[in-house]
Amino acid sequence: MLSIDSVSYRYRAAAHPALSDVSLSVPAGGVYGLLGPNGAGKTTLISLLAGLLPSSTGSIFLNGRPLAEARTANPRAIALVPQDYAFYPMLSVSENLRFFGGALGLGGGELKARVDTAIAFARLEQVVGKRAEQLSGGLRRRLNLAIGLLGRPQLLLLDEPTVGVDPQSRHFLLESIAALPAAGTTVIYTSHYMEEVEAICQRIAIIDQGRVLVEGTLDDILHSPEPVLELHLEQPMPAAIAARYQAIATTPLGYRLQLGSSAELPRLLDDLAAAGCAVRDLSLGQHNLEQVFMRLTQRSLRD
Amino acid sequence: MSPRLLALWLKESIALSRDRHGLLALFIMPTIFILVMTMALRDAFTPGATIDAAYVIVDLDRSPHSQAMARRLDKAATFHRQADVADADTARQGILDRHHALALVLPKGFGERLLTPAGADGQATEPLQLLLDPTLSPALQLAFRNQVMAALGAVRADELTQRAGKLFGLPLVPGKSADKDWPDEIHSVAVRSDQSARLPSSVQQNVPAWLIFAMFFVVIPVSSIFIIERQQGTLQRLRAIGVPFRLILAGKLLPFFVLNQVQAFAMVLVGMFVVPLFGSEALEMPATLPLLINWWLVAAAVSLAAVAWALLIASLARTSEQATIVGGVGNILMGAIGGIMVPKFVMPAGMQAIAELSPMAWGLEGFHSVMLRHAGFAELLPPIGKLLAFAILSLLAAIWLNHRALTNRS
Chain A
2 MLSIDSVSYR YRAAAHPALS DVSLSVPAGG VYGLLGPNGA GKTTLISLLA GLLPSSTGSI
62 FLNGRPLAEA RTANPRAIAL VPQDYAFYPM LSVSENLRFF GGALGLGGGE LKARVDTAIA
122 FARLEQVVGK RAEQLSGGLR RRLNLAIGLL GRPQLLLLDE PTVGVDPQSR HFLLESIAAL
182 PAAGTTVIYT SHYMEEVEAI CQRIAIIDQG RVLVEGTLDD ILHSPEPVLE LHLEQPMPAA
242 IAARYQAIAT TPLGYRLQLG SSAELPRLLD DLAAAGCAVR DLSLGQHNLE QVFMRLTQRS
302 LRD
Chain B
40 MSPRLLALWL KESIALSRDR HGLLALFIMP TIFILVMTMA LRDAFTPGAT IDAAYVIVDL
100 DRSPHSQAMA RRLDKAATFH RQADVADADT ARQGILDRHH ALALVLPKGF GERLLTPAGA
160 DGQATEPLQL LLDPTLSPAL QLAFRNQVMA ALGAVRADEL TQRAGKLFGL PLVPGKSADK
220 DWPDEIHSVA VRSDQSARLP SSVQQNVPAW LIFAMFFVVI PVSSIFIIER QQGTLQRLRA
280 IGVPFRLILA GKLLPFFVLN QVQAFAMVLV GMFVVPLFGS EALEMPATLP LLINWWLVAA
340 AVSLAAVAWA LLIASLARTS EQATIVGGVG NILMGAIGGI MVPKFVMPAG MQAIAELSPM
400 AWGLEGFHSV MLRHAGFAEL LPPIGKLLAF AILSLLAAIW LNHRALTNRS
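Going line by line, the protein sequences match chains A and B.
2 is the number of the first residue of the first sequence in the working numbering; add one for each residue after it.
40 is the number of the first residue of the second sequence in the working numbering; add one for each residue after it.
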């Protein structure tokens, strides 16, 4: 659906390019996670897709058409939900929705229908007459999302859509976003919350310093070909066993071991049982996203 | 009509209607300025107008001539006349008690010896006596003395014509006063470098002046909404759905233009109906439709300049505080040099030349041309043209600034 091919972008007077030879392929009908530390180039990429920045080197195609041409043909094809509360605090919820619908060129019965659908989607029925500045953080996020859906976009760009909301609202937002592809909207989702991305994204890309570090399906990226074992014990691992398997303590009772092959696992468990060392949990050959992210982007602070 | 433009207008109007502080500033501030400044500057604008110094007459003669003299002084109406007192001592005490600053004593025999020069018949003629408060400005002392001299001259002239009439056997209308309307009315005309024109009255100066000043204060609501849009990413969102920046600007121009016209209407009503309640003359608007249209054209040009200027300030400022300071101080400077606070005609020539640089001065010149000289459209073209050029340049600068911010964003 969206094809980004060798895109580079440098801000005027910047020493380094914000994006350098970025190539990505976003298939239709899914939630695509875009991850990276602060300053990685995520916002630049989102801004290019949203038409907020002028053309760059490389090419971007939407449904096989150059992006600019596709946007001209259908300005509602791509919608942006910025990280900020990008609406009018002094206007009520329904006034905000009607305004952005009007700005999309909607009018009459169609506008009313779209506004009603957006209100129902984000469950804003109880607060339609309330001014946006009086809403809680969670309701503001829901309004921000609802506005983005007024034009029924083919591609929705979500920039950190769950910052500053309580767990209930976050759960509701994630469920709603995960349901969007079924309604015909492909989503590009940026977030710093790894568990959110793991929960709703089918494909992800991790970028840093303007370059793509890894891209693929979430399963492929989280699967490790090496038989790395992560385990947590009830008590410290006996020194002899730790030496034998070259275990590295990652937390007080957590260890990472490099097994020669997965066939060595039963023997390790036998050794631990014989030493009276109970296993609380273990995972073999599978990382969580945070581990992958930290390994790829290094651990140094970015700002 | 584009639904997008309609949506932008409606949004801006709702946002504006909820900005109570901004609206208060736009309507209450100029009303107060108009009332205060019209009253404070009332005398400064009317040559020969009433002066706040009172006098009493001590009429010791009580003759038709002394009464004619009092009537003559009344007619001049420059100084406040208080009720006559019986003798000079009471008048003197009144000055000491600051009830009045001046007292004119008309001596006994004033009428009898009106046309008899002192000592002409071997008898002394008692002079008129002027008692005065020494703290009264010397210029006012002299002015009152001159008025008394003028009144005395007129009473003598009346008496002379009366006696000459009798001498030559001219018929007299019984009971008719000897007072005549001598051609002594003087009309003051301000002579300026470009033309001679009637000076504006206090209300004619202050209503358009503070209206222009208030119109330029749309910078506060314009920038407060614009900066919220920029800071919260709303402008980005609008651009992402294909709303061009020029449409966003157009969406702001009309609501604030309409607001400016409401201000103009309200301030004219204040000038016509509220100012008289405070003792000043009412504002007189042009009586014919073409002149009213010309007046409105000036108001429209001032409004376009004010809204475009506000959009430029809103594009320059990063925060509402910056916009308030830059916009507010900019307006006060434009007002100070542009003849809003201090009328241009009292400025020295050098300052008048500097005043020409202020868009507020162009607006005021336009309003005065219509109200004082009943100027036609052709005469209004220079000020209107300058205001429109200023508006276009401000808008282009605002568009350029926003384009530059977009490409430089990091």
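Idealized CB from N, CA, C, for every residue including glycine.
Please read these numbers as outputs of a predicted model, since none were measured by experiment.
| Query | Result |
| --- | --- |
| Quick one: what does DSSP say residue 413 of chain B is sitting in, helix, strand or coil? | coil |
| Is there contact between the stretch 15-27 of chain A and the stretch 167-176 of chain A, where contact requires at least three CB pairs shorter than 8 Å? | no |
| How about residue 88 of chain A: is its C-beta nearer than 8 Å to some C-beta of chain B? | yes |
| Take residue 71 of chain A as the anchor and find which of A:280, A:3, A:135 has the nearest alpha-carbon. | A:3 |
| Could you tell me if residue 232 of chain B is buried or exposed, where buried requires 16 or more neighbouring beta carbons within 10 angstroms of its beta carbon? | Bear in mind that the predicted position of residue 232 of chain B carries a pLDDT of just 39, short of 50, making it unreliable; the figure below should be weighed with that in mind. Exposed, by the Cβ-count rule. |
| Chain B beta carbons: is any one of them nearer than 8 Å to that of residue 100 of chain A? | yes |
| In or out: residue 253 of chain B buried (at least 16 other Cβ within 10 Å) or exposed? | buried |
| For the pair the stretch 250-270 of chain A and the stretch 197-208 of chain A, tell me if three or more CB-CB distances fall below 8 Å. | no |
| Go through its chain and collect everything with a Cβ distance to residue 83 of chain A's Cβ below 8 Å, but skip five positions before and after it. | 145, 160 |
| Here's the rule: buried if 16 or more other CB atoms are within 10 angstroms of the residue's CB, otherwise exposed. What is residue 126 of chain A? | exposed |
| Distance, Cα to Cα, residue 205 of chain B vs residue 94 of chain B? | 35 Å |
| For a contact defined as C-beta to C-beta under 7 Å, what are the partners of residue 478 of chain B on chain A? | With chain B covering 40 to 449 only, the question about residue 478 of chain B has no answer from this structure. |
| Counting only beta-carbon atoms, is residue 291 of chain B nearer than 8 Å to chain A? | no |
| Residues of chain A with a CB under 9 Å from the CB of residue 47 of chain B: which are they? | 100, 103, 104 |
| Across the stretch 237-248 of chain A and the stretch 213-221 of chain A, are there enough close Cβ pairs to call them in contact, namely three or more that are closer than 8 Å? | no |
| Less than 8 Å separating the beta-carbons of residue 154 of chain A and residue 77 of chain A? | yes |
| By the DSSP assignment, the alpha helix (DSSP H) with residue 207 of chain B in it spans what residues? | Segment: none, residue 207 of chain B is in no alpha helix (DSSP H) and carries neither H nor E. |
| With a CB to CB cut of under 7 Å and the five nearest residues on each side skipped, what residues in its chain are close to residue 59 of chain A? | 6, 7, 8, 9 |
| Where does residue 293 of chain B fall in DSSP's three states? | helix |
| Run down chain A in chain order and give the residues with a C-beta less than 7 Å from the C-beta of residue 280 of chain B. | 76, 77, 80, 104, 105, 152 |
| Kindly indicate which residue of B:242, B:355, B:418, B:385 has the alpha-carbon position closest to the one of residue 70 of chain B. | B:242 |
| For residue 152 of chain A, is the classification buried or exposed, using 16 other Cβ atoms within 10 angstroms of its Cβ as the cut-off for buried? | buried |
| Going by the CB atoms, is the gap between residue 375 of chain B and residue 1 of chain A shorter than 8 Å? | Here chain A comprises residues numbered 2 to 304, so residue 1 of chain A is not present and cannot be evaluated. |
| With the cut-off set at 8 Å, would you say residue 306 of chain A and residue 189 of chain A are in Cβ contact? | This structure leaves residue 306 of chain A out entirely; chain A is present only between 2 and 304. |
| Cβ closer than 7 Å: which chain A residues qualify as neighbours of residue 271 of chain B? | 85, 86, 87 |
| So residue 267 of chain B contacts chain A; which residues on that side make the cut at Cβ distance below 9 Å? | 89, 90, 91 |
| Among B:383, B:53, B:443, which one has its Cα closest to the Cα of residue 239 of chain B? | B:383 |
| Measuring CB atoms only, is the stretch 305-321 of chain B touching the stretch 388-403 of chain B, in the sense that at least three cross pairs come out at less than 8 Å? | no |
| Does DSSP classify residue 80 of chain B as helix, strand or coil? | coil |
| For residue 62 of chain A, which beta-bridge partners are listed by DSSP? | A:4, A:67 |
| Where do the ends of the beta strand (DSSP E) carrying residue 119 of chain B lie? | 118-120 |
| Nearest-angstrom Cα distance between residue 358 of chain B and residue 77 of chain B? | 36 Å |
| Tell me which residues share the same chain as residue 65 of chain A and place their Cβ nearer than 6 Å to its Cβ, disregarding the 5 neighbours each side in the sequence. | none |
| Which chain A residues are close to residue 362 of chain B, counting only those with a beta carbon under 7 Å from its beta carbon? | Here the premise fails: no neighbours, minimum Cβ distance about 17 Å. |
| Can we say the stretch 61-70 of chain B touches the stretch 118-135 of chain A, given the rule of at least three CB pairs closer than 8 Å? | no |
| Taking residue 208 of chain A as part of the beta strand (DSSP E), name the residues at either end of that continuous run. | 204-209 |
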